[in-house]
Ligand code: HEM
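The following block contains the structure:
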């Protein structure tokens, strides 16, 4: 057991194997060759990626940003040079995976075009998808380039660095605002919330 829990890779693999065992033991209604199950499978991957993405967004906003002023200057590099770059790596690739799996789910459900054009029965998921796309754009094209300057991954002058840190922080706050209606709309499509 310790050999599993001391390795992140093996721990994550153990989670997937446990899910498989649960499906084998209790999945009386599972037909992996059916389109319905395959759509469901991508929905599951979509939720896993989305939790990773929004979990890290909320970590930045609820934990890291408010804690920074309380951390002594000589300890700040531990966050800036070690923790933040790792968190940002998983953050931006989780955002990408969420968008890709979400688009696959919408396509498999047969409403990709109707959702993007906000047609009546698909307005909830369509609005959710547009908001999430804006958020993913912010991650890749505003937060990440500004964080590279703020964290010193790209070297710039001190005033540019400070400005970049502020732009990254404010954009991250905008994504936190957007995450709340976005999640409402994601879950509203199949459960009658709009
Ligand atoms: C551009 C990005 C995204 C796209 C294209 C997308 C697309 C979709 C689609 C098509 C569904 C199925 C809706 C249905 O018919 O019930 C869905 C469900 C869902 N999405 Fe997204 N999504 C995106 C971003 C996100 C994000 C960032 C999260 C954050 C966690 C998220 C969480 C969920 C959840 C939890 C469901 C399941 C809802 C349910 O079954 O009740 N999505 N998404």
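Residue numbers (my numbering): 24 to 217.
Glycine included, each C-beta is placed from N, C-alpha and C at the ideal position.
Query	Result
Buried versus exposed, by CB contacts within 10 Å (16 or more), residue 169	buried
C-beta contact flag for residue 208 and residue 151 at 7 Å	yes
For residue 180, three-class secondary structure by DSSP	coil
Beta-carbon contacts of residue 188 that lie in its chain and below 6 Å, excluding the five residues immediately before and after	173
Cα-Cα separation, residue 62 to residue 113	24 Å
Cβ-heavy atom distance, residue 215 to the ligand HEM, below 6 Å	no
Any non-hydrogen atom of the ligand HEM closer than 6 Å to residue 62 Cβ	no
Cβ-based burial, residue 31 [other Cβ within 10 Å; buried from 16]	exposed
Spatial distance of residue 182 from residue 90 (CA atoms)	22 Å
Inter-residue CB distance, residue 34 and residue 28 (contact presumed, cutoff 8 Å)	6 Å
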